[in-house]
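For reference, the structure is listed below as structure tokens.
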Amino acid sequence: MLKSSGGLFGLTALISVLIAPALAQVNAVACSVDAYDWAKNSLGQDACLQAAYVVAACNNGVANITALIDPEGGSVYTGPSGIDNGDICKCNTVGYSIISACAGCQGGSWLPYSAFVQNCTATSPLTEWPTTVDIPADTAFPDWAFQNLTAGTWSNATASAYRQKDSNEQTSSTYPPKSTSSKSGGGSNAGAIAGGVVGGVVGVALLAGLAYWLWRRRRATQAKNLAPSAVYLASTPGPQETSFRSSVPITQRKLYDPSDPSTFPDAPFASYQDSEPGTPGHTTASYHRPMTSVGSRSDFATEASNYRHGLPEV
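Going letter by letter, the sequence shown gives residues 5 to 318 in my numbering.
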């Protein structure tokens, strides 16, 4: 509504929002104060045209912002009343800030936030546009409209100074913003980053521990399957060598003595048979040469010979 301080009963007017279902359109009065050019967005839309998009977002894309009746006389834009008490597009600090800038760019003034939303059935958190409503695709809301209020009201000086250092804007593709300039938003982002870093470090440590455990297990398995080392084999005598040393004693042979039977030559592989049957006292001993390979010699190889038992041979 438009409100004027002049007259006995005061002059009252409405913020004209003309709804035309057949012609979906957004219209607004043009700003007349050049000092408010800073409030324009990147599309060249002044504060009043942006205010029309604020209203249109909850009104099927249709809105028309009319001029203040007597800006110099104290007329202002009032907040929701009656059927639009539940209009969440107006019941928030973002919509309130843009509508207040529209009043200022016409040379008028604006209400404190508490008076503007006094009839609202619900309000969005401070500095936030309702997340259930998309920002219209044909506009962009500057970040100065998303800042905290000054002493409970919108401040032209504060918003203008912020615009000089931050020209960011919010659109249908960027809102809700991933980060804001508010301390609470920065804190939550820092917490999320810190949590991600800690989680990543813990994950890497677990993977490294698992890899080390698998490596140790593989080494232990390979050690069990290895053959005995060469040192172990060299220190253990073979069965053939042990058998030879234990079964073949080395003794010194005595010289032949006809009177000593122990010096008589051995007769291995001897087979005894009577070669002269009928001759008493005579026995023929046949000695056979052991089997040897070509070119070898045997200490026990002799030709077949005859001798008489009991009589030494010279």
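No residue lacks a Cβ here, since even glycine has one placed at the ideal position from N, Cα and C.
What does the Cβ neighbour count give for residue i, buried or exposed, with the cut at 16 atoms within 10 Å?
| i | result |
| --- | --- |
| isoleucine 197 | exposed |
| asparagine 64 | exposed |
| aspartate 91 | buried |
| valine 205 | exposed |
| glutamate 76 | exposed |
| alanine 67 | buried |
| proline 180 | exposed |
| alanine 161 | exposed |
| tyrosine 100 | buried |
| valine 59 | buried |
| alanine 39 | exposed |
| arginine 220 | exposed |
| glycine 200 | exposed |
| tryptophan 114 | buried |
Taking residue i as the reference, which of the options has the closest Cα?
| i | options | result |
| --- | --- | --- |
| glutamine 49 | Thr143, Thr131, Pro265 and Gly108 | Thr143 |
| serine 167 | Pro146, Gln122, Ser85 and Gly83 | This sequence places arginine at residue 167; serine is not what is there. Residue Pro146 is the option with its Cα nearest to arginine 167. |
| serine 164 | Val208, Phe150 and Asp261 | Phe150 |
| alanine 32 | Ser46, Ala215, Leu211 and Gln110 | Gln110 |
| alanine 119 | Tyr57, Glu132 and Trp158 | Trp158 |
| tyrosine 324 | Asp138, Asn172 and Asn152 | Residue coverage of the chain in this structure runs from 5 to 318, which leaves residue 324 outside it and unanswerable. |
| valine 80 | Val208, Leu72 and Gly86 | Leu72 |
| leucine 130 | Thr154, Asn123, Pro140 and Leu210 | Thr154 |
Excluding five sequence neighbours on each side, which residues of the same chain lie with their C-beta closer than 8 Å to the C-beta of residue i?
| i | result |
| --- | --- |
| proline 134 | Ile92, Cys93, Asn96 and Ser128 |
| serine 36 | Cys109, Gln110 and Gly111 |
Which residues in the same chain as residue i place their Cβ atom closer than 7 Å to its Cβ, once the five residues preceding and following it in sequence are excluded?
| i | result |
| --- | --- |
| leucine 259 | Thr267 |
Quick check on residue i: does DSSP put it in helix, strand or coil?
| i | result |
| --- | --- |
| threonine 154 | strand |
| asparagine 160 | helix |
| tyrosine 179 | coil |
| alanine 165 | helix |
| alanine 71 | coil |
| phenylalanine 145 | strand |
| glutamine 54 | helix |
| valine 205 | helix |
Might you give, ordered along the chain, the residues of its own chain that have their beta carbon closer than 6 Å to the beta carbon of residue i, omitting 5 neighbours on each side?
| i | result |
| --- | --- |
| cysteine 62 | Asp91 and Cys93 |
| alanine 105 | Ala43 and Ala51 |
| aspartate 138 | Ser176 |
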